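Student: Here the numbering used here is used: the sequence shown runs in plain steps of one and ends on residue 674. Glycine is no exception: its CB is placed at the ideal position from the N, C-alpha and C atoms. These numbers were taken from a predicted model, which means no experiment stands behind them.
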Amino acid sequence: MSPVQPKHNLNPQQSAAVRLCQQPLLVLAGAGSGKTGVITRKIAHLINQQQMPPEQVVAVTFTNKAAREMQARVTQLVSTDTNGLTISTFHSLGLKLLRREREAAGLKRGFTIFDSDDSLKVIKELMKGGSKDEDVQQRRWQISAWKNDDISVTQAMQIAENGLESSAAELYAAYQRQLKAYNAVDFDDLICLPLRILREHADVRQQWQSRIGHLLIDEYQDTNNTQYEFIKLLLSGNSGLTAVGDDDQSIYAWRGARPENMERLKNDFADLQVIKLEQNYRSSGRILACANKLIANNPHAFEKNLWSELGPGDPIRVINCSDSESEAETTVSSIVTQRFKLKARLGEFAILYRGNHQSRPLEKALRLNNLSYNISGGQSFFDRAKVKDILAYLRLLTNPDDDTAFLRIINTPRRHIGASTLEKLGLYANERNTSLFNACHEMGLRSVLNNRAMQNIDRFTSLLDELEIQSRTEPPGVIVRELLKQVHYADWLRELSKDQAAADRRYENVEELASWIERMTEDDDLDLSEAVARIALLDMLDKNTEDGHADMINLMTLHAAKGLEFPHVYLVGFEEGLLPHQSSIDEENIEEERRLAYVGITRAQRHLTISHTSKRRRYGKDLSSEPSRFLEELPREHLMFNDEVPAEVKKETGQANLANLRAILNQG
């Protein structure tokens, strides 16, 4: 069992954080220090003891999963009805404000929210469709970075220092015009637009400030500049702020997070109180000693030192392997041994790495040993681009009001329907208060578009209309096959791919989807609309599946592991070029990589094993590897290297591997 803090007892620091309600508060919460318990207890304290109406309490975090868990805990602690209590993600809170104040943002009712793929489609079209995917992605990242840094289109144009930056700023402006024409917002706008509304409309700002008695922020170190400004405007002079975070676990600078936002609180809230949670309820003393020594090499606005009452625990094992295959075999062999020795469940083990590509040899070794595993953060089948394309066609066939599906497929494959045409179509549809697809059928559109654009639109709508009629009598499987044939999807993939083999690999997902729809609809006798609804439900369930229910070994990146804990952790690829990553070495930006290593170490509760290789295959070649500089920063007295492993441990390993081999043979 994992060590946990007693449910009903708060330590003195936690208790102080819960009771302090009259001044703005920063809770510096170290890894495994019970921060979620502090937040949920404080919400309950505000409602139960401070008599604050639930509708005046707002708590925000960064994932829907964290928000759901927080809501469940609070419900058990609060003695009254919690109707009106807001526990949500930042973006859900922004969306709530945007829906109430949409007119101030220039939005009409029923506005669309673009996901990243939808945004990429628009940007690619604005870049005339011939740009490389990497260039389109880079421009999207640049626009997102500007929004996260609270930089408007006008400001982006003003700060541009060369032609490339000016071009990007012009694209930013065109992208925003397209969104307005479609009555749409993207994910970043869910914070940017509410921030703009609060800035520009004093009456709206005062109304929202009066609604918030206390704002609690989880994972505060992950806030970006826009989120920070959003927080300030929601609060104004209100002292009802509790920010909980850990600058040592800030690992999302690549998506705009600013750990310096913790220090900014001191400047913007003069009477800010700081309470440190340093008692760790998760890990053994040796693990924490390594974590503390490592992270001490980073500069800190607030110093802290984790400690535990769980005893010193076992030394951290450090293993040098010849290559990645040997590393995988050694890791799996150790898991087999620990499982045999401790009678542990597979779900108690986690293998962590810097990049997803490191999972391949590990998966092979796990399959050879007949061990079940789960890769967290892996791409869902329904999230694959080609699958989403075909599903968008089916969605539009069954729901002509689905503007998001329309925009995804209007130029997939390319139909020479340009950004200007789509902008005019979007404006026309808004004026007529109808969907984009329905607007394509209206005679009035011909007064807006030229003949060539109208002909391209007509070819697209005729194709969909014919397929819709056919779907009334033909099974869904036939419709999917006919759709793929009519749009020449395989030929289009060949155009996009560097060779036929690459095109074939892309088409495998499409073929898998088509075959699956055929089987599913034949077995359950579904029509097309029923099939689309079934797929949508499966997609939602896939996204909402919680990790950890099945007894499987956990494989994940260090980024995906944040917030989790496991009795036995294997941190693989502890090498220069991997951890720290080569790009960070080149940019002389090692601090965030050190925080990543810190996050990896502090996931472990009882046992931690670190491994590195002498050589690793990169770019098709076997290249020599160097141990990570972070290994030198760990306290030597808490480490045990290969040649220091006692003979009895080696004997246990052999016995466990033999037992596992017998089990595999017996199953066969």
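Under the rule that 16 or more other beta-carbon atoms within 10 Å means buried, what is residue 94, buried or exposed?
Tutor: Per the 10 Å Cβ criterion, buried.
Student: Identify whether residue 527 lies in helix, strand or coil by the three-state DSSP scheme.
Tutor: Three-state DSSP puts residue 527 in a helix.
Student: Going by DSSP in three states, residue 55 sits in which element: helix, strand or coil?
Tutor: Correct three-state label for residue 55: coil.
Student: Counting Cβ pairs, one atom from each stretch, are 3 or more of them under 8 Å apart for the segment 630-641 and the segment 569-583?
Tutor: Counting Cβ pairs under 8 Å, three or more are found: they touch.
Student: Would you list the residues sitting across from residue 251 in a DSSP beta bridge?
Tutor: According to DSSP, residue 251 bridges with 34.
Student: So, is residue 39 buried or exposed, given that buried needs 16 or more other C-beta atoms within 10 angstroms?
Tutor: By the 10 Å Cβ count, residue 39 comes out buried.
Student: Could you give the first and the last residue of the continuous alpha helix (DSSP H) run that contains residue 471?
Tutor: Element bounds for residue 471: 457-477.
Student: What residue from 415, 623 and 407 has the CA that sits closest to residue 394's CA?
Tutor: Nearest C-alpha to residue 394: 415.
Student: For residue 77, which of 596, 224, 178 and 534 has the nearest alpha-carbon?
Tutor: Selected option, being the one with the closest Cα: 224.
Student: Does the separation of the CB atoms of residue 561 and residue 423 fall below 8 Å?
Tutor: No, they are not a contact pair.
Student: On the CB-based measure, 16 or more other CB atoms within 10 Å of its CB, does residue 15 come out buried or exposed?
Tutor: Exposed: under 16 other Cβ atoms inside 10 Å.
Student: Give me the Cα-Cα distance between residue 276 and residue 218, rounded to the nearest whole angstrom.
Tutor: Answer to the nearest angstrom: the Cα atoms are 20 Å apart.
Student: Skipping 5 residues on each side, what residues in its chain have a beta carbon closer than 6 Å to that of residue 153?
Tutor: If we look at residue 153 and ignore the five residues flanking it on each side, its Cβ neighbours are 194 and 198.
Student: Does the Cβ of residue 469 lie closer than 7 Å to at least one heavy atom of the ligand GDP?
Tutor: The ligand GDP is not part of this structure, which contains no ligands at all.
Student: Is it right to say residue 19 is buried, meaning 16 or more other beta carbons lie within 10 angstroms of its own, or is it exposed?
Tutor: Buried is the call here.
Student: For residue 25 and residue 281, I'd like the C-alpha separation in whole angstroms.
Tutor: Each residue's alpha carbon lies about 12 Å from the other.
Student: Between residue 127 and residue 413, which are expected to be in contact by the criterion C-beta below 8 Å, what is the C-beta distance as a whole number of angstroms?
Tutor: Right, the Cβ-Cβ distance comes to about 6 Å (below 8 Å), so this counts as a contact.
Student: Return the chain-ordered list of same chain residues with a C-beta closer than 6 Å to the C-beta of residue 576, the five sequence neighbours on each side being excluded.
Tutor: So the list reads 337, 357 and 615, once near-sequence residues are dropped.
Student: Which residues share a DSSP beta bridge with residue 323?
Tutor: Note: residue 323 sits in a beta bridge opposite 615 and 646.
Student: Considering only C-alpha positions, which residue in the set 300, 532, 245 and 233 is nearest to residue 267?
Tutor: If we check each option's Cα against that of residue 267, 233 comes out closest.
Student: Starting from residue 181, follow the alpha helix (DSSP H) in both directions and report where the run begins and ends.
Tutor: Counting along the chain, the alpha helix (DSSP H) containing residue 181 begins and ends at 169-187.
Student: Straight-line CA distance for residue 390 to residue 516?
Tutor: Whole-angstrom Cα-Cα distance: 10 Å.
Student: Hey, quick one: how far does the alpha helix (DSSP H) through residue 279 stretch, first residue to last?
Tutor: Looking at the DSSP string, residue 279 is not in any alpha helix (DSSP H); the run it does join, the beta strand (DSSP E), is 279-283.
Student: Spell out the partners DSSP gives residue 624 in its beta bridges.
Tutor: 627, per the DSSP bridge assignment.
Student: Per the DSSP calculation, residue 581 is bridged to which residue(s)?
Tutor: For residue 581, which the question treats as bridged, DSSP gives the partners 633.
Student: Would you mind sorting residue 165 into buried or exposed? The rule is 16 or more other CB atoms within 10 Å of its CB.
Tutor: Its Cβ having fewer than 16 others within 10 Å, residue 165 is exposed.
Student: Give the single residue among 163, 604 and 618 whose Cα lies nearest to the Cα of residue 328.
Tutor: With distances taken between Cα atoms, residue 328 lies closest to 618.
Student: Once DSSP output is grouped into helix, strand and coil, what is the label at residue 220?
Tutor: Residue 220 falls in the strand class under three-state DSSP.
Student: Using C-beta distances below 7 Å, list every residue in its chain close to residue 178, excluding the 5 sequence neighbours before and after it, in chain order.
Tutor: Same-chain partners within the cutoff: 149, 152, 159 and 162.
Student: Have a look at residue 460 and residue 410 and give me their C-alpha separation to the nearest angstrom.
Tutor: Distance between the alpha carbons of residue 460 and residue 410 is about 21 Å.
Student: Is it buried or exposed for residue 478, if we count other Cβ within 10 angstroms and need 16 for buried?
Tutor: Residue 478 should be labelled exposed.
Student: Three or more C-beta pairs under 8 Å: does that hold for the segment 521-536 against the segment 483-490?
Tutor: Yes, since at least three Cβ pairs between the segment 521-536 and the segment 483-490 fall closer than 8 Å, the two stretches touch.
Student: Can you give the Cα-Cα distance for residue 222 and residue 366, rounded to whole angstroms?
Tutor: Whole-angstrom Cα-Cα distance: 41 Å.
Student: When DSSP builds the beta bridges, which residues end up paired with residue 67?
Tutor: Answer is 95.
Student: For residue 607, count the other beta carbons within 10 Å of its own beta carbon; 16 or more makes it buried, fewer makes it exposed. Which is it?
Tutor: Looking at its Cβ environment, which holds 16 or more other Cβ atoms inside 10 Å, residue 607 is buried.
Student: Determine the burial state of residue 41: buried for a count of at least 16 other Cβ atoms within 10 Å of its Cβ, exposed for fewer.
Tutor: Buried, since its Cβ has 16 or more Cβ neighbours within 10 Å.
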